[in-house]
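Enquirer: Can you read through this structure? Questions will come right after.
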Amino acid sequence: MSQPEWPSQAPSALSKLIHDAGASGNQPTATTIQVLHNLQHQHLWTSLQIHDISDKFKQYYGDVPTGELPIRSLISGLPPHRVYTHPDEQLYMLQNGIREDELRPERLFVLPTSQGITFSLRLYSMLWGDNLETVVEDGVITGPVVGEGKEKKLDEYYKKKVECLASKEWGSKRILLAMVNRGPGGDGTVVYYVIQEGEVKPRQN
Amino acid sequence: MEVDQESLHASKAEATQVETDLSDETQDFRLLERLSLLTDTSSSSLPKRGEKDFEPNPTVYQADILAASRQAMHNALSHPRMHPPKTHALGFYAPDGPKPPPGVELDHRGHGVSSNCCVCVPNPKGVVFKTIGQGDRWNRIWLLPEEALYLLERGSLDIRWPSSADEHVAGGSDLESDLSIPMSLQAAYACFLGQSGLTLERYSVYSSLRRLGYAVVRASGWDDSPAARAPDRRVDGYTQPQLRGAGLAGMFSMLFNWMHDPKSTASTAAGPLVGTGIHRNYAHIYQKLAIIPWYDPTTVPDRDPLDTDAPFRVVFHIYKPSTAIKKSALPPPDYRIAVVNTREQTTLPTLSQLGALLESTPLDPPKGEKMDRILSLRLRQGYRNVILAVVDQGVASYLRISDVAFGKEKIYQNKGPPSGSKNQKNFKSKKR
Amino acid sequence: MDNPTLPIPISHISGRYLLFSIEAVTYLRREHNICGVLTGTLPQASQQNVFLGLPLQLMPEEARVLVDKGIACIIDEAKAQTSMISLMEEDRRRYKRELEAQGHHVTRLLADRKNKRKEEALKKIAENKAKKSAKADAESEAAASSAIPAEEESAIVDVFADDSASRSSTPTSAPQEILGVTPPTSYPPLPNPTTSSDLVLSKPEVPLSYPLFAHLHSRGYFLSPGLRFGCQYVAYPGDPLRFHSHFLVVSAEYDQQIDLMDIVNGGRLGTGVKKGFLLGGPQKSREEAEIERTESVVTYSIEWAGM
Chain A
1 MSQPEWPSQA PSALSKLIHD AGASGNQPTA TTIQVLHNLQ HQHLWTSLQI HDISDKFKQY
61 YGDVPTGELP IRSLISGLPP HRVYTHPDEQ LYMLQNGIRE DELRPERLFV LPTSQGITFS
121 LRLYSMLWGD NLETVVEDGV ITGPVVGEGK EKKLDEYYKK KVECLASKEW GSKRILLAMV
181 NRGPGGDGTV VYYVIQEGEV KPRQN
Chain B
1 MEVDQESLHA SKAEATQVET DLSDETQDFR LLERLSLLTD TSSSSLPKRG EKDFEPNPTV
61 YQADILAASR QAMHNALSHP RMHPPKTHAL GFYAPDGPKP PPGVELDHRG HGVSSNCCVC
121 VPNPKGVVFK TIGQGDRWNR IWLLPEEALY LLERGSLDIR WPSSADEHVA GGSDLESDLS
181 IPMSLQAAYA CFLGQSGLTL ERYSVYSSLR RLGYAVVRAS GWDDSPAARA PDRRVDGYTQ
241 PQLRGAGLAG MFSMLFNWMH DPKSTASTAA GPLVGTGIHR NYAHIYQKLA IIPWYDPTTV
301 PDRDPLDTDA PFRVVFHIYK PSTAIKKSAL PPPDYRIAVV NTREQTTLPT LSQLGALLES
361 TPLDPPKGEK MDRILSLRLR QGYRNVILAV VDQGVASYLR ISDVAFGKEK IYQNKGPPSG
421 SKNQKNFKSK KR
Chain C
1 MDNPTLPIPI SHISGRYLLF SIEAVTYLRR EHNICGVLTG TLPQASQQNV FLGLPLQLMP
61 EEARVLVDKG IACIIDEAKA QTSMISLMEE DRRRYKRELE AQGHHVTRLL ADRKNKRKEE
121 ALKKIAENKA KKSAKADAES EAAASSAIPA EEESAIVDVF ADDSASRSST PTSAPQEILG
181 VTPPTSYPPL PNPTTSSDLV LSKPEVPLSY PLFAHLHSRG YFLSPGLRFG CQYVAYPGDP
241 LRFHSHFLVV SAEYDQQIDL MDIVNGGRLG TGVKKGFLLG GPQKSREEAE IERTESVVTY
301 SIEWAGM
């Protein structure tokens, strides 16, 4: 995969970033960096990390050099606002007077992809597994509920959340699919879709 | 919990009250009960759809509404098909096709009806026969399978099984002692579907258009058997067109001709496009710049309706309720329709299939004062058009496809905005 | 409402699966989450397309689920109906007499009901005027109007039921005029076709998406054809009469390559109509048995993230 010659004008900040990371001409890594950049600067995510999952996909794509894997990393990070709330969770929060901004942020996993890649159900299934921990970060409440008023409500909420994620009442393991608009006519726009395992009823808003 | 959920969705429900086609969703049959309760004519406006819930919950209230809806549906579907003596129309099923009345020998003139007819109505009465059926030489009306099925289904015709020999086709026999027994709805479907190319999808399209008041008749593309696809057949007085559309090869030759056009002295293939002459207006310059050949639907010869690829061929001709039609001499139809079954045709038509389908319809250019005036209407009308009825397991969708001639619309000759109406008064429509 | 005798005969006509018995239609909807699509003309409202009547068209998938569960079997209906031509003279006479008697019975019932309803409607209008309460609760009104004629309704239903048990009513008085009736099915006079082996056909052929269909059906979803939303099926969490659908469903084989753009299209389309886009399919290949494939189905729900 060889990148066409750049025109004479100076490369964009993003191109420079990708270039500096030593990933120029290496699509998967370029995609990852581009999505990371987008999450960081457009959507203001924090604590961003890149997780190498190339081992997993080597099985899928057969014996390909790591550099040629279409998919080889996940990104995780903390969004400034909730990206997804299951309808039943939303209802619970409404009933208990819990506002979103009172909750601890949740680490969310993002799969960076770009236009032109094909997918299969098998590939999806491989993603799910140990890689995805969508449980509240640092928020797993195991002890008895303590505190008064709002604290108590929040403690109860976190406890309920752990239960409902286990039982899939509040949706299942989820991942954000990020797709970069690339190729002829592509403008670098990144779109995000929430993917969950199983039949998870849609949000109504 | 239920109450909260209601309130949670209530405001959004209002927001979604966009214009919905009522036939698009499963209907609450309780509305039909109310409808038929107050008015006997079906001309009254349709009721608003009842509000639906997001998901089941364990309340008695919700269960009761569902039970009531189901009961209403059950009642509506149980409504019997009755034939009161005053309007009783009798038909007789003739599995072997049209035949003369008993005791009459068939001579060289035949019976004068399509051999696909399979139900005979000896004493036709009622307005339905104005647009349905074909009269034979003995003043009886013969029905095609879809016509017979539709009339039986709507409760307008009592069709009888043949019992012995041909005696009933004569009709007018003493009904009291007549042992002919009525065909059930089920029997009618079993006997008429599959006859002479009538699929359930075609029938669904036929009956849904009939219900809306359109007259629907079979077109020459109906028969999609291999024999009917022979390219050298002559149908409906059309002869096989000798020419094909311009196509890609045609485009190249047009471009070639342009480059060698001896008259276009102002430009050369080597020099500047616009040439060095004096140009007094932009239109002239734009004209010079228009070097890309474009497709002109008016120059494409008509195509034999059978020289098309099933299912992308016209199977029905449609007449609006307002069009006066005479069964013996049908006027050109208001619409032409092709029927596609999604389970058999899972992909979009190819360009050549679609092109052939459109070419098999006559030129229908934009006309009238409004179209002359408004560009967007002209573009939408196109020069040829056809309707695709796409049927997925009983659910039908109708798409209008038209052949648009963007090249015919010289935007540069128009000073106003493209879709503006007032500025175009001075625009002289081109001769076509 | 009595349950019909099992297995229910599904008419196979010209390659399609149809139901003509109202009892079967109501029962399958209530007990087995099978809705089908109504495609016929309602004789009482024959000039519109919003409310349609019998027959009910079943997708091959629906017919297959029912056959696999032993609830229904497939009948070669064209073949079965030919027996009507060779019906004995005595049977013909009896059948005609019964139909005529039913016709008169139903006419009386309908007339009674119509009068009663008209009276009630007028009374209601008068009451409403008196109270000057313009805003009547639409729901309770509808519930009331459908609850009133319960007794007579069931009488009609019985008369047109296709199990012979309820056909015991014999004409009490000789009919005054001949009244024609077109019955919905031919059973009776024909005997139950599910017991004659030469009429029962094999299981319906189903498309590759069948395992996903069967999987969702087994989890309680009601499924409809997907044409209106550009998908394969639309999945409802309850009876579509009362509930909005949750998913636009598309099936794929486990190793089938899916363009990411299709996922964006589906996700975006679903979100636009407040539904999820559900992608799923069997892990087992098409060489395996349908039941194995159905058990191996995996599904993924996709929604636009809104960012």
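Chains as they are written, first to last, in full-length UniProt numbering: chain A, 1 to 205; chain B, 1 to 432; chain C, 1 to 307.
Glycine residues also receive a C-beta, built at the ideal position from the N, C-alpha and C atoms.
These numbers come from a predicted model, not from an experiment.
1. Report the neighbours of residue 118 (chain A) on chain C: residues whose CB is nearer than 8 angstroms to its CB, in chain order.
2. Alpha carbons only, please: which of B:104, B:130, B:141, B:194 is nearest the one belonging to residue 114 (chain B)?
3. Bridge partners of residue 304 (chain C), per DSSP?
4. For residue 186 (chain C), which residues in chain B fall below 7 angstroms Cβ to Cβ?
5. Indicate whether at least one CB of chain F lies closer than 8 angstroms to the CB of residue 122 (chain A).
6. Quick check for students: name the residue ranges of the beta strand (DSSP E) that lie wholly in the UniProt domain "tRNA intron endonuclease catalytic" (209-283) of chain C, counting only runs of 3 or more.
7. Please determine, among C:198, C:254, C:222, the residue with the shortest C-alpha to C-alpha distance to residue 248 (chain C).
8. Would a check of beta-carbon distances place residue 43 (chain A) closer than 8 angstroms to chain C?
9. Rounded to whole angstroms, what's the CA-CA distance from residue 108 (chain B) to residue 120 (chain B)? Just pull it up for me.
10. Let me check understanding here. Comparing Cα to Cα, which of C:30, C:38, C:201 lies closest to residue 3 (chain C)?
11. Return yes when the Cβ of residue 98 (chain A) is within less than 8 angstroms of the Cβ of residue 154 (chain A), no when it is not.
12. Could you tell me which whole beta strand (DSSP E) segments of length 3 or greater appear in the stretch 31-109 of chain A?
13. Using CA atoms only, rank isn't needed, just tell me which of A:150, A:61, A:75 is closest to residue 108 (chain A).
14. Does any C-beta atom of chain C lie closer than 8 angstroms to the C-beta of residue 370 (chain B)?
15. Once DSSP output is grouped into helix, strand and coil, what is the label at residue 56 (chain C)?
16. When the cut-off is 8 angstroms and only beta carbons count, does residue 49 (chain C) lie next to chain B?
17. Any idea what DSSP makes of residue 117 (chain A), helix, strand or coil?
18. Pull up the distance between the alpha-carbon of residue 38 (chain A) and that of residue 11 (chain A), whole angstroms please.
19. Under a CB-based cut-off of 8 angstroms, is residue 279 (chain B) close to chain C?
20. By how many angstroms is the C-alpha of residue 13 (chain C) removed from the C-alpha of residue 163 (chain B)?
21. Do you know how far the Cα of residue 60 (chain C) is from the Cα of residue 17 (chain C)?
22. Starting from the Cα of residue 185 (chain B), find the closest Cα among B:148, B:380, B:352 and give me that residue.
23. State the Cα-Cα distance for the pair residue 7 (chain C) and residue 52 (chain A), rounded to the nearest angstrom.
24. Give me the chain B residues within the contact set of residue 251 (chain C), using Cβ-Cβ distance strictly less than 8 angstroms, ordered along the chain.
25. I want to see whether chain C comes within less than 8 angstroms of residue 161 (chain B), judged by CB atoms only; does it?
26. Should residue 271 (chain C) go down as buried or exposed, given a rule of 16 or more other Cβ atoms within 10 Å for buried?
27. What would DSSP say about residue 192 (chain B), mapped onto helix, strand or coil?
28. Who does residue 411 (chain B) pair with in a DSSP beta bridge?
29. According to the neighbour-count rule (16 or more other Cβ atoms, all chains shown, within 10 Å of its Cβ), is residue 371 (chain C) buried or exposed?
30. Would you mind giving the Cβ-Cβ distance between residue 401 (chain B) and residue 358 (chain B), rounded to the nearest angstrom? I have them listed as a contact below 8 angstroms.
31. I'd like to know if residue 37 (chain C) contacts chain B, where contact means its C-beta is closer than 8 angstroms to some C-beta of that chain.
32. Give the range of the beta strand (DSSP E) segment to which residue 182 (chain C) is assigned.
33. Could you check the C-alpha separation between residue 69 (chain A) and residue 177 (chain A) for me, to the nearest Å?
34. How would you write the range of the beta strand (DSSP E) that residue 225 (chain A) sits in, first residue to last?
35. Would residue 81 (chain A) be called buried (16 or more neighbouring beta carbons within 10 Å of its own) or exposed?
36. Based on DSSP bridge pairs, tell me the residues matched to residue 135 (chain B).
Expert: Answer, in terms of the structure:
1. 257, 258, 259, 260
2. B:141
3. A:193
4. 184, 186, 187
5. Any reference to chain F falls outside this structure, whose protein chains are A, B and C.
6. 222-225, 233-236, 247-251, 276-282
7. C:222
8. yes
9. 21 angstroms
10. C:30
11. yes
12. 46-52, 73-78
13. A:75
14. no
15. strand
16. yes
17. coil
18. 17 angstroms
19. no
20. 23 angstroms
21. 7 angstroms
22. B:148
23. 56 angstroms
24. Ordered by position in chain B, no residue passes the 8 angstroms Cβ test against residue 251 (chain C), which lies about 13 angstroms from the chain.
25. yes
26. buried
27. helix
28. Partner(s): none; residue 411 (chain B) has no beta bridge.
29. Nothing about residue 371 (chain C) can be reported from this structure: the residues present for chain C run from 1 to 307 only.
30. 7 angstroms
31. yes
32. 180-182
33. 17 angstroms
34. Residue numbering for chain A in the displayed model covers 1 to 205; residue 225 (chain A) lies beyond these limits and cannot be assessed.
35. exposed
36. B:141
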